[in-house]
Structures are given as structure tokens and as C-alpha cells.
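Colleague: Take this structure, written in C-alpha cells, and hold onto it; I'll ask about it next.
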Amino acid sequence: MSVARTQAIALQGLHGAIVEVEADISDGLPGFLLIGLPDASLGEARDRVRAAAANSGCPLPSRKLTVNMSPASLRKHGSSFDLSIAVAALAAGDLVSAASIRSVVHIGELGLDGRLRPVDGILPSVLGAARAGATTVMVPSANVDEASLVPDVRVVGVASLRDAAIWHGGDFEPEAVEALTRPATEAVDEADLDLADVIGNRAAVEGMIVAASGGHHMLMVGPPGAGKTMLAARLPGLLPDLDIDQALEVSSVRSLSGLPVQALLSRRPPFESPHHSCSAAALVGGGHAIMRPGAVTRASGGVLFLDEAPEFAAAVLDGLRQPLESGSIVIQRTHGSATWPARCQLVLAANPCPCGEYGSRDVACSCSPFQRRRYLGKLSGPLIDRIDIQLRVSRIDSAQFRQATEPLGGQITTAEARSRVVAARDRQRRRWEGTPWRLNSEVPGSRLRSGDLRLATADTEVLDRALEGGALTMRGYDRVLRLAWTVADLDAAERPTREHVGAALALRRAL
Ligand SMILES: [Zn+2]
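Its first residue numbered 467, the sequence shown is counted upward by one per residue in our numbering.
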């Protein structure tokens, strides 16, 4: 055998594409020529593969060896091609079965000692292989659990190149090695965050249920200690379970970000809360050599929470505009582009002023009117335009605390709230069937003001007055209409009444 072929996977964004890896042995001076990878990775991959093969006791043939990876136009980065290069080279030298490696997709980085290192992005890679028709995928032992989340594909885990060679019929004695593992990371259990822990702020809790039901973005304004973070962290719990495709997407993004992926596919929506000092790349994705998804992509399918939103750099916040609009983000670089999902529900939190005390009962605010205006003014513009719900939250007083700690204090649990949300979403799905929309927050205002959906003048009177008096802009008017439909859906009403419109208007009174 002089030419051997196998397959690997190149990731572009979340899409995994098949790469053909071809090894050829010919007469000539001994050497190892690798083509089809970007320049910088070439030398590194070649050195790793050669050292790994030698150190696992199955050295590459000492003849002229050429490995080609195609299509050449496909952008390939990272070290996950090592295993495919190594087995192709071994097969070209007749050290393993060329027929055996032909039908297997290989993913894995080699250590110099010949052991396989776990790689990021295993889930989207194996998904890509399965979608391209592969039936068997060989991965590092530490990636087996994650790879096995993909249905209908056989996953073979190997600890070393020697194990891989033996599996492919190589005549080597098995040699036990300690498989490399990933460092364990603790995941926060969403089940521990119940809405019933929230004391007081009933209006904010109801506002969050409306937000979860209609998919509305939301802003909370209140002093430090009012529980804004506590509330936001409970929003994912109110959202329905993800379907299988959404769940695979969420876990694929985690995998690509180097985050742990559970052995059971999580159906719960993600929650991301980047710090206000974060860069644009950290928020929306980017990077130079290796492009990584940002927080907005890790939050896709769930909630993106920006605490102390006015403290984020204006340019960083501005980067959210396009992904919120389109539901995806495209990062362009000279050497390629990546598209990632960005369909998240946005929750912003802000103090009412730089000192945080404006409007609170117990402490006096030390900021000037100018400072206050400028502070929240940082949130104005295109971003705030997309936020339907604006809520005030306040610190609870002792009376509320007493009431809440008594039996039947009136708190609603996450499970109760989620079942209301699911019912309200069912009503929306039926109403918008056959349209491009699924949730009220996605429906253009013009649609809600026309045809059969137009509300009776008597029901929108309070809104019309606010519009005429200048208290509400036309965009604001449409936002209240959207909210009114969601409030009505939560109430199991056919269409919004005057009361639902009034309740919706109250959800926009923070600023
Ligand atoms: Zn202040």
C-alpha cells in the first residue's frame, strides 16, 4: 500500500465539514511533507505526529512521506487533525489496515508521548461527521461521553496512538497508559435557583413571567441589593425545555468554548452574565488565530444578562445590535469567517444613578440631575429600542420580609411560573402558525395595529392618550401592544382588554 486515506473534521462556526486526509509513501529521501494546513500549524502538527508515533512504539516509516489534507480551500485550524494524519501515515506504511481507517472519522490531538489529548468542539465535530454520513468516529477517551451525545454514530475512544493503531489492525502489543482527562469544572445547578426565594418585588416577578412568555427583552432599574441579579438568574428556569436540535446547539457551543458538556444532553436554556469590563470579542465572539464564540452565542437559546449595563463600553454594547436583530453573528477575518447563533433573551440591569440610591427611601442620592441623566443615557439609542419591558425593582422593607416569611406569603415557585409560561407560549404558537413569528416579541407593530388584530379604540384609549401627550413614542406604543398580547396570553384571554393594555403600559415605567 502506498496511498492511504481517512477522514477528519474541520469546524467552521458550529458546522463540521469532512476533511479528506491522504498519505502517500514514495521513493526518495526520507522525509515528512504535510500540505493543506495553514502555514503556522504545519510544522507543529508534523513534529507532534512524528514524536507521538515514535514514543508510542509505532514509528512512521523512514521513507518519503507526504500527507495532504483537502479540500485545500477549507479553513482548518487547531490540533484535532493529529490523529487522522498519524493513522493515515501508518496505513501508508502498511503498519495498520488502510481499509479500516478509510471509513472512520478521526478527531484528536496527540501529545508528544503518544497519548491523545481531549479537544474542544467534539460535539459539533461528531455531529458534522454524522450529518455527512459517517458511521464510526474515533476520539480521545476523555471526549467519549460528549461524542456519545450524537445519535446514530459509533464512538470509539482511544487513550493513545498505539491503541488507535491496534484497533485498526496494527500488530502491536497493547500497552496500558493513563488516559488524559479534562479538568473538572463545577456547573451551577439551575434547579437550586427557585423563584420562590425572591422576596417582595412582585411586580418584577410578574414582569419576568411576561418576559419569559413573550420572549421580550427586559431592563431592570434599581439600587444595589434590590435583587436584580437574583431575579435575572431565575429567568432561564421560567423558559420551557429546549428541543433536541436547540439542546445540541447549546451543548455544541459549550463544547467549542472549551466548557464542560454533561454526559446527558441538557435540555435547559443557558444563562450567561459577562462582566461589564469585558471586551467586544468576549461579548459577541472573535479572536485572531482561533475564533471563539462570545457570551451572546453561549447564551443563545437562553438568557444573556448584563449587570450594571451602563458600565459596559458603548462600543461593546453596540456590538449586540446586529446579533439581536438577526439572531446570529458573523465574524469576518481575512482567513475566513464564522457564523454562530445569537438568539438570546437579553436582560439588562442598571442602578438608577452612579451612586445607586436615587429614588430609595432610606439613603439620599448624592448625584446631580446631570449625572443621573448621563448615566442612564448611556443605555439609550438602538439597544434600548429593542427592550420591551422596563421595570423598577426596590429593596424590600421589613413589612414585606415579614409577610414573605409567613406561610402562604404569596411567592410563586419556578415550576408554577414555568407552566404559565408554557401555556402562554402555546397560545402564541397557535396564533402565529403560518407566519414567520413564534413569539409576540417578534411581531412587527404594524401587524398588531391592522386587520383582525387591531384592538378596539376603547381598549387602547390609555395608550392613545400617552401617544398624543408625548409620553410614548410610536415605537414605545408598539412595544406596549406586543406586551398587551403577552399579558392576555398569560390570562388565557382571546385578545387584550383594556386591563391587559394598562398592565402592559405599567411594564414600561422604569425610565
Ligand atoms: Zn445617585
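Every residue, glycine too, gets a C-beta built ideally from N, C-alpha and C.
#1: Using only the heavy atoms of ligand 1, determine whether one of them is closer than 8 angstroms to the beta carbon of S832.
#2: Spell out the partners DSSP gives V605 in its beta bridges.
#3: Quick one: what's got a C-beta closer than 6 angstroms to S826's C-beta in the same chain, skipping five residues either side?
#4: Say yes only if the C-beta of R838 is nearer than 8 angstroms to one or more non-hydrogen atoms of ligand 1, and no if none qualify.
#5: Only counting the same chain, and skipping five residues up and downstream in sequence, which positions put a Cβ closer than 7 angstroms to that of S717?
#6: What does the alpha-carbon distance come out to for the pair G693 and R861?
#7: Taking only three categories from DSSP, how would you classify D490?
#8: Is the region 796 to 807 in contact with the region 658 to 677, if contact means three or more CB pairs nearer than 8 angstroms?
#9: Strictly by DSSP, which residues pair up with E777?
#10: What are the boundary residues of the alpha helix (DSSP H) that V469 is part of?
#11: Where does G825 fall in DSSP's three states?
#12: Starting from A932, trace the beta strand (DSSP E) both ways and give me its first and last residue.
#13: How about C744 and A631: are their beta carbons less than 9 angstroms apart?
#14: Take I855 and list the residues in its own chain whose beta-carbon comes closer than 8 angstroms to its own, dropping the five residues that flank it on each side.
#15: Among V888, G911, G753 and V533, which one has its Cα closest to the Cα of R471?
#16: Quick one: what does DSSP say A765 is sitting in, helix, strand or coil?
#17: Between N906, V603, S569 and A598, which has its C-alpha nearest R945's C-alpha?
#18: May I ask which residues mark the beginning and end of the beta strand (DSSP E) holding L499?
#19: Please confirm whether L772 and F778 have their CB atoms less than 9 angstroms apart.
#20: Would you say R895 reaches chain D, if we count a Cβ-Cβ gap shorter than 9 angstroms as a contact?
#21: Under 8 angstroms from any heavy atom of ligand 1, does the C-beta of P759 make it?
#22: What residues are listed by DSSP as bridge partners for Q894?
#23: Alpha carbon to alpha carbon, how far is H742 from T695?
#24: Do L549 and L576 count as a contact pair if the criterion is CB distance below 9 angstroms?
#25: Is P818 near ligand 1, going by C-beta to nearest heavy atom under 8 angstroms?
#26: Please report the straight-line C-alpha distance between L531 and L646, rounded to a whole angstrom.
#27: Give every residue of the same chain whose Cβ lies closer than 6 angstroms to the Cβ of R809, excluding the five residues on either side of it in the sequence, and list them in chain order.
#28: Within 10 Å of its beta-carbon, does D955 have 16 or more other beta-carbons around it, so buried, or fewer, so exposed?
#29: Any chance the region 618 to 626 sits against the region 587 to 603, with 3 or more Cβ pairs inside 8 angstroms?
#30: Assuming L697 contacts V585 under a Cβ cut-off of 8 angstroms, what Cβ separation, rounded to an integer in Å, is found between them?
#31: For R852, which option in V888, L812, A932 and I573 has the closest C-alpha, if you only look at C-alpha atoms?
#32: In this structure, how does DSSP classify P640 when only helix, strand and coil are distinguished?
#33: Looking at the secondary structure, which residues open and close the beta strand (DSSP E) in which I855 lies?
#34: What ranges does the beta strand (DSSP E) occupy inside the region 511 to 590, keeping only unbroken runs of at least 3 residues that lie completely in it?
#35: Would you give the residue range spanned by the beta strand (DSSP E) that P706 belongs to?
#36: Whole angstroms are fine: how far does the CA of G843 sit from the CA of I878?
Modeller: The structure says:
#1: yes
#2: G623
#3: P689
#4: The answer is yes for R838.
#5: L589, L615, V727, L731 and S732
#6: Approximately 7 angstroms, taken between the alpha carbons.
#7: strand
#8: no
#9: Answer by DSSP bridge pairing: none, since E777 is not bridged.
#10: Looking at the DSSP string, V469 is not in any alpha helix (DSSP H); the run it does join, the beta strand (DSSP E), is V469 to Q478.
#11: Coil, per DSSP.
#12: Element bounds for A932: not the beta strand (DSSP E) but the alpha helix (DSSP H), E927 to E934.
#13: no
#14: G673, V676, A677, H682, H683, M684, L685, L949, L973 and R974
#15: V533
#16: coil
#17: N906
#18: G497 to I501
#19: Going by C-beta atoms, L772 is nearer than 9 angstroms to F778.
#20: Although the question refers to chain D, the structure presented lacks it and comprises just one protein chain.
#21: No, the beta carbon of P759 sits no closer than 8 angstroms to any heavy atom of ligand 1.
#22: BP columns for Q894 are empty, so no partner.
#23: 14 angstroms
#24: yes
#25: yes
#26: 29 angstroms
#27: S766 and G793
#28: buried
#29: With the cut-off at 8 angstroms, the region 618 to 626 and the region 587 to 603 touch.
#30: So it is not a contact: roughly 38 angstroms between Cβ atoms.
#31: L812
#32: coil
#33: I855 to R858 is the extent of the beta strand (DSSP E) around I855.
#34: 530 to 536 and 570 to 572
#35: Neither: P706 is in no beta strand (DSSP E) and is coded neither H nor E.
#36: Here the alpha carbons of G843 and I878 stand approximately 34 angstroms from one another.
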